[in-house]
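Peer 1: One structure coming up, written as structure tokens, with questions to follow.
Protein chains: 2
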Amino acid sequence: MTPAPAKKPAERPYHHGDLRRAVLTAALDVIAADGPSRLSLRDLARRAGVSHAAPAHHFKDRTGLLTAIAAEGFGLLAAELAEAEDLKDAGVHYVRFAREHPAHFQVMFTPELLRADDLELTTARALAGDALRGAVASVRPDELGIDPRLAGVAAWSLAHGFATLLLGRNLDDPIGNQDPEDVFRTLAAMLFRRDA
Amino acid sequence: MTPAPAKKPAERPYHHGDLRRAVLTAALDVIAADGPSRLSLRDLARRAGVSHAAPAHHFKDRTGLLTAIAAEGFGLLAAELAEAEDLKDAGVHYVRFAREHPAHFQVMFTPELLRADDLELTTARALAGDALRGAVASVRPDELGIDPRLAGVAAWSLAHGFATLLLGRNLDDPIGNQDPEDVFRTLAAMLFRRDA
DNA sequence: CTCCCAACTTGTCAACGACTAGATTCCGCG
DNA sequence: CGCGGAATCTAGTCGTTGACAAGTTGGGAG
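This is the structure we're talking about:
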């Protein structure tokens, strides 16, 4: 039997074709523009040209939609971190991810919007966690001189804080129009410089 | 006809007394427990024992309430930072503030929930910004060896990221049951250790 | 071809934010 | 003391939303 990948061959008959993806994409637009609070399932349905209850069939409810977005985000983050060459570079990729997927990033770290026990979410998050720990392990222990677990927390905190403040437009003044990734490289160098 | 028999010592008079403070406090409870998204003006009114439209008189609308909370938060943060002795200590106080006022902290850095041009908010934020810059200025330039503005960004990013991840319960595994402030002191030491 | 089931629709309900008009109480000022 | 304006709170309403229930459509497996 053909697996029937079910791409979208039709315009918009009774069946939308790929409503799930359409709703996800529209949701990401709304969140990036106005935040998760202004997200409305009915609005997404309108944008997709379907009835007001159609999205619920794919995501159960609002929380389900946001959980799906977070899970997708952790998958994308894991892929991004996998490309990093060392811990400092992982931070750069972390910041890049936040800037390229601001909606995902925002939802991923707003736990009260998510179904914490969702399987897809927890596995995707674990994947991203593995990627981070892998980056930490790539540093020779004598290079940082402290518990590698704390080094991971330090790197994560610095990257997460920088990314969060950046997305919240809190760093516009201090860093002006410099490339954020370059600025972050400087910060990371402060954290991981070897003692002479 | 005398009104209904008084059930409790303080049967609700027509005027609440300090509804503004009561609504603020209740809102902080709700936000700390369930996040700003589950905040409902009508629910707060019920908790305070007033009609569903009463809170709007003090805060105009939902955004007004959240803006008032953020402004109060920046004031509290400025006071907390003013007690710091140096930049590293300012970070410790920043983390302490986030733990002691999680609801304020969350709202302060969720700009899409706030009225950005609100006067009280902008002045309070400026106050906190001054406090942070003051802490940065307390460091002798040769001690960090880089642009002091970037040092401020680094310190803020580290403290903000650590606090954010902490409140989101993302660091439960890595730091176990250690005192978060102690952990942060270690991280800050990484950032600001002098070369050689 | 038939039947099953996922995708989608229509209808409904309670809750909410926002707005309006009106009632009650407080307080400054004469 | 009392008067009048203003602050505070109530009551009613409207449009929107999330969630749910029940019915409809159509594609595809057998």
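Residue numbers (the numbering used here), protein chains in the order written: chain A, 17 to 212; chain B, 17 to 212. C-beta atoms are modelled at their ideal positions from N, C-alpha and C, and glycine is treated no differently. Since the model is a prediction, treat every value here as computed from it, not as a measurement.
1. Would Y110 (chain B) and L97 (chain B) be called neighbours here (beta carbons separated by less than 9 angstroms)?
2. Can you name the residues of chain B whose CB is closer than 8 angstroms to the CB of R185 (chain A)?
3. Cβ closer than 7 angstroms: which chain A residues qualify as neighbours of I85 (chain B)?
4. Exposed or buried, which one is A26 (chain A) when buried takes at least 16 other CB atoms within 10 Å?
5. Quick check: what's the CA-CA separation for R62 (chain B) versus H68 (chain B)?
6. When the Cα of T41 (chain B) is compared with those of B:R115, B:A119, B:L135 and B:A179, which residue comes out closest?
7. Determine which residues of the stretch 82-111 of chain A have a Cβ less than 9 angstroms from any Cβ of chain B, and write them out in chain order.
8. Count the other CB atoms, across all protein chains shown, that sit within 10 Å of the CB of H117 (chain A); report buried if there are 16 or more and exposed otherwise.
9. Can you give the beta carbon distance from L203 (chain A) to L166 (chain B), rounded, assuming they're within the 8 angstroms contact cut?
10. By a C-beta neighbour count over all protein chains shown, 10 Å radius and 16 as the cutoff for buried, is S154 (chain B) buried or exposed?
11. Output the distance between the C-alpha atoms of I162 (chain B) and M206 (chain A), rounded to the nearest integer angstrom.
12. By Cβ distance, which residues of its chain are closer than 6 angstroms to D102 (chain B), with the 5 residues on each side in sequence left out?
13. Check whether chain A comes within 9 angstroms of D45 (chain B), counting only Cβ atoms and requiring the distance to be less than that.
14. Using 8 angstroms as the Cβ pair cut-off and three pairs as the minimum, do the stretch 83-93 of chain B and the stretch 124-142 of chain B touch?
15. Specify whether the stretch 74-82 of chain B and the stretch 49-65 of chain B touch according to this definition: at least 3 beta carbon pairs, one from each stretch, less than 8 angstroms apart.
16. Mind reading off the beta-carbon distance from T83 (chain A) to D34 (chain A)? Whole number of angstroms is fine, and I expect it under 8 angstroms.
17. Whole angstroms are fine: how far does the CA of Q194 (chain B) sit from the CA of R201 (chain A)?
Peer 2: This is what the structure gives:
1. In the second sequence, the residue the question calls residue 110 (chain B) occupies position 94. In the second sequence, the residue the question calls residue 97 (chain B) occupies position 81. Yes.
2. In the first sequence, residue 185 (chain A) corresponds to position 169, counting from 1. Within 8 angstroms Cβ-Cβ: P127.
3. Locating residue 85 (chain B) in the second sequence gives position 69, counting from the first residue. Within chain A, not a single residue places a beta-carbon under 7 angstroms from that of I85 (chain B); the smallest gap is close to 15 angstroms.
4. Against the first sequence, residue 26 (chain A) aligns to sequence position 10. Only weak support is given to the placement of A26 (chain A): the predicted model assigns it a pLDDT of 38, under 50, and the value that follows is read from those uncertain coordinates. So A26 (chain A) counts as exposed.
5. As a first step, residue 62 (chain B) is located in the second sequence; it is residue number 46 there, counting from the start. As a first step, residue 68 (chain B) is located in the second sequence; it is residue number 52 there, counting from the start. When rounded, the distance between both Cα atoms is 7 angstroms.
6. Stepping through the second sequence from its first residue, residue 41 (chain B) is reached at position 25. Of the candidates B:R115, B:A119, B:L135 and B:A179, the residue whose Cα lies closest to the Cα of T41 (chain B) is B:A119.
7. Those would be none; no residue qualifies.
8. Walking along the first sequence from the start, residue 117 (chain A) turns up at place 101. Buried is the call here.
9. Position 187 of the first sequence, counted from the start, is the residue given in the question as residue 203 (chain A). Position 150 of the second sequence, counted from the start, is the residue given in the question as residue 166 (chain B). About 7 angstroms separates the two Cβ atoms, so the contact holds.
10. Looking up residue 154 (chain B) in the second sequence gives position 138. With fewer than 16 other Cβ atoms from the protein chains shown falling within 10 Å of its own Cβ, S154 (chain B) counts as exposed.
11. What you label residue 162 (chain B) is simply residue 146 of the second sequence in a count that begins at 1. What you label residue 206 (chain A) is simply residue 190 of the first sequence in a count that begins at 1. For the pair I162 (chain B) and M206 (chain A), the Cα-to-Cα distance works out to about 9 angstroms.
12. What you label residue 102 (chain B) is simply residue 86 of the second sequence in a count that begins at 1. The beta carbon of D102 (chain B) lies closer than 6 angstroms to those of S154 in the same chain, with the five residues before and after it left out.
13. Here residue 45 (chain B) refers to the residue found at position 29 when the second sequence is read from its first residue. Look at D45 (chain B): its C-beta is not under 9 angstroms from any C-beta on chain A.
14. Output reads yes: the stretch 124-142 of chain B touches the stretch 83-93 of chain B.
15. With contact defined as three or more Cβ pairs closer than 8 angstroms, the stretch 74-82 of chain B and the stretch 49-65 of chain B are in contact.
16. Here residue 83 (chain A) refers to the residue found at position 67 of the first sequence. Here residue 34 (chain A) refers to the residue found at position 18 of the first sequence. Incorrect: roughly 19 angstroms between the Cβ atoms, too far for contact.
17. Locating residue 201 (chain A) in the first sequence gives position 185, where the first residue counts as 1. Locating residue 194 (chain B) in the second sequence gives position 178, where the first residue counts as 1. Within the model, the alpha-carbon separation for R201 (chain A) versus Q194 (chain B) is close to 29 angstroms.
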